[in-house]
Amino acid sequence: MREELWAQFANDDLTVCGDGQCDSPGFSAKNLCYYVMEMITGYVIEIEVLDKRHVGLKSSTMEKKALNHCLQRLQRVLNVIEVCTDASSSIKKLIADEFKTLFHSLDVWHKAKSIRKSIQKVVASTKGNDKVGKWSNQIINHFWHCCSIASEHEDTTEALAAMKDKWLSLLHHACNEHEWTTGRCNHEEMEPNEEHPPWFDRREQDYEALQKVVLEPSLLDSFKYYVKFRHTGSLECLNSMSLAYAAKRTSYKYRFYKARKQLAAIDWNYHLDRKVAVGSKGGEARYSRKYNQRTKEWNTRIIKVDKDYDYIPIIMAKVFRRRMEDVLHTDRHVSLSENDPERIASTIAHTAPVSSKELFERHQTRFETKK
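Using the numbering used here, the letters of the sequence shown map in sequence onto residues 116 to 486.
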């Protein structure tokens, strides 16, 4: 399947996005699966599964190595011009050092989430900054709008300048000033609205807090990663769906974990273009609602037709055919694959295993055994 997908994109300039998912929460993961998706169509075109033994038992470096392997394989057969990831510092350094020809974009949603956290930090740090908190939704929406404006420019230098200019206009708009010497807001004339957050006054303390959020140096420096307006929401959905194949509460050996993640990718690609379900009465599209506890609002969700899994009999037929054509016995010795982590070490322990008998003999209790 992978080679067939690659053939479809052989003559295209590709923009891909990637994200890694560990097999357990926290910093003690044993396995990691890294999916690379083509952003326009949404197809998964590359997968890399690593065990922590592949990286010297350092779980935090698995994602970097997995992306490196994926991009190296893709660049041999496809023309990848841009890659979108999360804002990991190690990933940014990898692409800047090893893949200098690629344009590196970061996910807009993750940055918007980071900006919201910085707003909450400013509000909590000093008393009297509540007005900044009331503007948090408007600030986040403005950031999304700035990224959208930047994406309209083909030249990245012009896009970055346009994004920064639009972002800084927030300092004027928040003071109810919609036209100034160097520019103006591009929204329609605003009517009085009781639900609108209160306007800022440049002489007040909360305006200084707003400036601290808007003019934060690291935020402005990061804008170069968002001028293409990329979002990896589809990858997040894929990672969520793949948990049905490999739950984080269950431990799997490397080859079984890899097979499950590959099945999840096949499931995703096969059912990518499912149609919207329609109701029995009137033939209207079906929707459902879900309450968001963070925003305190109801959201809608489109309901699609059920999955049919018609590809499973095809996979089973290929398995049976390979068994029929196999002339050797099923009880024969089968060597481990070249990338199997058991070739590196039999366990993920930092020390060599000791026999159970020796451990039992070493064991000493602090309590006296009653006779």
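Note that beta-carbon positions come from the ideal geometry of N, C-alpha and C, so glycine has one too.
In this text the structure is predicted, and so the values were computed from the model without any measurement.
Spatial neighbours of residue i in its chain, beta-carbon cut-off 8 Å, leaving aside the 5 residues before and after
| i | result |
| --- | --- |
| residue 321 | 243, 244, 245, 246, 247, 315 |
| residue 203 | 178, 179 |
| residue 326 | 286 |
| residue 452 | 370 |
Bounding residues of the alpha helix (DSSP H) (the contiguous stretch that carries residue i)
| i | result |
| --- | --- |
| residue 224 | 223-240 |
| residue 348 | 348-357 |
| residue 472 | 471-477 |
| residue 204 | 204-213 |
| residue 178 | 177-192 |
| residue 258 | 251-265 |
| residue 428 | 426-440 |
| residue 328 | 320-329 |
| residue 371 | 369-385 |
| residue 288 | 285-288 |
| residue 307 | That residue, residue 307, is in no alpha helix (DSSP H); it is neither H nor E in DSSP. |
Span of the beta strand (DSSP E), counted from its first residue to its last, around residue i
| i | result |
| --- | --- |
| residue 152 | 146-153 |
| residue 403 | 402-407 |
| residue 162 | 159-166 |
Same chain, Cβ closer than 6 Å to residue i, five either side skipped, listed in chain order
| i | result |
| --- | --- |
| residue 158 | 120, 384 |
| residue 281 | 261, 264 |
| residue 375 | 360, 361 |
| residue 380 | 159, 162 |
| residue 139 | 363 |
| residue 190 | none |
| residue 291 | 314 |
Whole-angstrom C-beta distance between residue j and residue i, which should lie under 8 Å
| i | j | result |
| --- | --- | --- |
| residue 401 | residue 393 | 6 Å |
| residue 274 | residue 342 | 4 Å |
| residue 193 | residue 149 | The Cβ separation is near 17 Å, so there is no contact. |
| residue 293 | residue 300 | 4 Å |
| residue 220 | residue 345 | 4 Å |
| residue 197 | residue 217 | 6 Å |
| residue 419 | residue 396 | At roughly 19 Å, the Cβ-Cβ gap does not stay under 8 Å, so residue 419 and residue 396 are not in contact. |
| residue 268 | residue 277 | 6 Å |
Cutoff 7 Å; reference residue i; Cβ partners in own chain excluding five residues on either side
| i | result |
| --- | --- |
| residue 271 | 342 |
| residue 333 | none |
For residue i: DSSP bridge partner residues
| i | result |
| --- | --- |
| residue 391 | 419 |
| residue 131 | 153, 198 |
| residue 219 | 198 |
| residue 243 | DSSP, once it has assigned bridges, lists no residue as partnering residue 243. |
| residue 137 | 147 |
| residue 294 | 299 |
| residue 454 | Looking at the DSSP assignment, residue 454 forms no beta bridge with any residue, so it has no partner. |
| residue 412 | 407 |
Determine contact between the region 182-192 and the region 131-141, defined as no fewer than three beta-carbon pairs at a distance below 8 Å. The answer is yes - the region 131-141 touches the region 182-192, with three or more Cβ pairs under 8 Å.
Count the C-beta pairs between the region 342-353 and the region 138-145 that are closer than 8 Å, then say yes if the count reaches three, no if not. The answer is no - the region 138-145 does not touch the region 342-353, with fewer than three Cβ pairs under 8 Å.
For the pair the region 455-462 and the region 160-168, tell me if three or more CB-CB distances fall below 8 Å. When C-beta atoms of the region 455-462 are compared with those of the region 160-168, three or more pairs fall below 8 Å, so the two segments count as touching.
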